[in-house]
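Here the structure comes first, spelled out in structure tokens, and everything after it is commentary.
Chains as they are written, first to last, in our numbering: chain F, 21 to 312; chain V, 85 to 287.
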């Protein structure tokens with residue numbers, strides 16, 4: 021694992037500074053879609069400029085470099101403990117180099133020791149696979165968009181939402197309405213229908229590993245994704261909540277089984293500064309291929 | 085007033101230079117683009133709670149006619165030992181809703197820069213004090229950092245940590261939009277009401 025340390029720093033740097041191609045395409049499309057001489061249009065122009073500038077300067081797209089979430093697919097027998105140790109070191113080094121903000125705060129004392137290391141941070145999600153290589157995906161999720169995430173328990177009387185896909189549609193759109201511009205829209209939704217309170221949110225976040233232009237394998241969910249995307253863009257919330265045509269850049273939904281008594285819909289909101297990259301590593305820990 | 089060229093044409097920007105007079109603030113309306121120059125102080129959750137609970141501003145900090153920026157920047161020391169801001173977009177403002185109006189009044193704050201807008205208490209405070217809410221583009225940390233020309237000082241670094249500290253920043257033509265003015269008008273309230281109506285038609 022000699023090269024793992026430097027590879028992880030490079031993954032962190034790239035994730036912090038460079039927006040993935042699929043997101044960039046969606047942002048450019050929405051820029052074209054806003055009316056001339058509106059504050060929505062000028063907001064999207066600043067966003068476009070920001071994307072170019074961050075890449076050129078190799079500096080964070082957004083100063084809130086967010087929760088550091090690692091998703092690691094690894095072969096049977098891979099030393100996950102060592103990976104996590106090396107990754108924690110890489111996170112601290114990436115913080116020193118300014119790719120990450122000093123972003124990990126002790127919840128009881130309020131102290132921020134500047135390392136980005138502490139109980140629960142960074143977060144690791146390991147998955148064993150039968151493949152021989154290691155795939156590391158990284159999501160940096162800012163706090164502003166995390167704060168507008170929402171979890172609904174159906175039925176919901178106030179929203180007249182029952183335990184069916186129409187009920188899911190109602191609560192997901194409510195989450196968009198409640199978020200307005202506070203999550204730095206135009207945003208992207210990751211949704212999980214089902215699961216428990218913990219797995220529901222966790223699985224909603226894994227939807228951010230999908231590319232915006234992919235198609236859901238499940239036809240009903242694909243239709244729901246398209247419907248919510250189109251309906252949300254009719255609401256006129258627009259970039260930053262300034263009013264405008266693009267409220268969402270994408271919607272990704274999955275389902276998970278639930279216990280009969282529970283029916284949760286968990287909605288995670290991702291800001292336009294959608295930071296997600298990933299790479300395949302060889303046995304020496306060197307990057308052999310970028311994923312996004 | 086200055087005209088800034090953008091890809092889609094020209095944007096009229098009102099120039100604001102700190103310290104700002106109440107008279108100038110009263111001329112601003114929701115939807116106006118502004119370019120801010122002078123000094124701004126960052127302050128977010130920890131600072132607002134501290135001031136709300138009666139804490140004093142550190143010596144050297146004056147908010148009279150000034151601007152608070154809801155921001156936790158990425159700041160690194162360069163080889164010469166000077167602070168350099170490398171990323172500095174706004175943070176979500178609504179968390180300061182319980183405190184903002186009181187702090188505006190007590191310290192003579194004329195403007196608050198943030199994102200996402202604030203609520204009725206702050207809007208009433210803006211009308212009473214002659215203050216405005218200025219929306220910067222959330223996430224645009226690089227574009228906005230380019231308008232920060234110097235870090236003049238930092239306060240409460242030890243107590244609150246870097247993102248929550250008060251950073252005294254010199255800014256030049258920092259771009260923002262007035263989304264809550266001193267005449268009780270809020271773009272955020274208008275958009276939320278309109279979008280709720282459309283949502284109900286589409287359920």
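Positions of the beta carbon are idealized from the N, C-alpha and C atoms, including for glycine.
Does residue i pass the burial test, meaning 16 or more other C-beta atoms within 10 Å, or should it be called exposed?
i, result
"residue 57 of chain F", "exposed"
"residue 132 of chain F", "buried"
"residue 27 of chain F", "buried"
"residue 146 of chain F", "exposed"
"residue 245 of chain F", "buried"
"residue 218 of chain F", "exposed"
"residue 261 of chain V", "buried"
"residue 200 of chain F", "buried"
"residue 267 of chain V", "exposed"
"residue 123 of chain F", "buried"
Report yes if the C-beta distance between residue i and residue j is below 7 Å; otherwise report no.
i, j, result
"residue 192 of chain F", "residue 269 of chain F", "no"
"residue 97 of chain V", "residue 121 of chain V", "no"
"residue 223 of chain V", "residue 204 of chain F", "yes"
"residue 151 of chain V", "residue 195 of chain V", "yes"
"residue 96 of chain F", "residue 148 of chain F", "yes"
"residue 289 of chain F", "residue 169 of chain F", "yes"
"residue 266 of chain F", "residue 252 of chain F", "no"
"residue 229 of chain V", "residue 172 of chain V", "yes"
"residue 42 of chain F", "residue 241 of chain F", "no"
"residue 273 of chain F", "residue 196 of chain F", "no"
"residue 225 of chain V", "residue 165 of chain F", "no"
"residue 142 of chain V", "residue 239 of chain V", "yes"
"residue 60 of chain F", "residue 54 of chain F", "yes"
"residue 199 of chain V", "residue 185 of chain V", "no"
Going by DSSP in three states, residue i sits in which element: helix, strand or coil?
i, result
"residue 247 of chain V", "coil"
"residue 150 of chain F", "coil"
"residue 298 of chain F", "strand"
"residue 158 of chain F", "strand"
"residue 287 of chain V", "coil"
"residue 224 of chain F", "helix"
"residue 259 of chain F", "helix"
"residue 288 of chain V", "In the structure displayed, chain V extends from 85 to 287; residue 288 of chain V sits before or after that span and is not available."
"residue 236 of chain V", "strand"
"residue 118 of chain F", "coil"
"residue 145 of chain F", "strand"
"residue 274 of chain F", "strand"
"residue 35 of chain F", "helix"
"residue 188 of chain F", "helix"
"residue 202 of chain V", "coil"
"residue 219 of chain V", "strand"
Using beta carbons (cut-off 7 Å, strictly below), is residue i in contact with chain F?
i, result
"residue 200 of chain V", "yes"
"residue 287 of chain V", "yes"
"residue 196 of chain V", "no"
"residue 176 of chain V", "yes"
"residue 165 of chain V", "no"
"residue 227 of chain V", "yes"
"residue 279 of chain V", "yes"
"residue 209 of chain V", "no"
"residue 283 of chain V", "yes"
"residue 157 of chain V", "yes"
"residue 92 of chain V", "Low confidence applies to residue 92 of chain V: its pLDDT is 46, below 50, so where it sits in the model is not reliable, and the reading given next is rough at best. It does; some Cβ of chain F falls within 7 Å."
"residue 146 of chain V", "no"
"residue 233 of chain V", "no"
"residue 170 of chain V", "yes"
"residue 95 of chain V", "yes"
"residue 246 of chain V", "yes"
Whole-angstrom Cβ separation of residue i and residue j, contact assumed at under 8 Å?
i, j, result
"residue 298 of chain F", "residue 157 of chain F", "4 Å"
"residue 137 of chain F", "residue 111 of chain F", "6 Å"
"residue 201 of chain V", "residue 217 of chain V", "7 Å"
"residue 256 of chain V", "residue 179 of chain V", "In fact, because the Cβ distance is near 28 Å, the residues do not count as touching under 8 Å."
"residue 70 of chain F", "residue 227 of chain V", "5 Å"
"residue 202 of chain F", "residue 261 of chain F", "7 Å"
"residue 121 of chain F", "residue 228 of chain F", "Not confirmed; about 20 Å, so no contact."
"residue 265 of chain V", "residue 160 of chain V", "About 36 Å; that fails the 8 Å criterion."
"residue 40 of chain F", "residue 294 of chain F", "7 Å"
"residue 146 of chain V", "residue 207 of chain V", "Going by Cβ atoms, the distance from residue 146 of chain V to residue 207 of chain V rounds to 25 Å, so no, they are not a contact pair."
"residue 123 of chain V", "residue 102 of chain V", "5 Å"
"residue 23 of chain F", "residue 119 of chain F", "With a Cβ gap of about 18 Å, residue 23 of chain F and residue 119 of chain F do not count as contacting."
Under a CB-based cut-off of 7 Å, is residue i close to chain V?
i, result
"residue 217 of chain F", "no"
"residue 190 of chain F", "yes"
"residue 45 of chain F", "no"
"residue 70 of chain F", "yes"
"residue 142 of chain F", "no"
"residue 104 of chain F", "no"
"residue 139 of chain F", "no"
"residue 169 of chain F", "no"
Could you tell me whether any Cβ in chain B is nearer than 7 Å to the Cβ of residue i?
i, result
"residue 132 of chain F", "In summary, chain B is missing from the structure at hand, where the protein chains are F and V."
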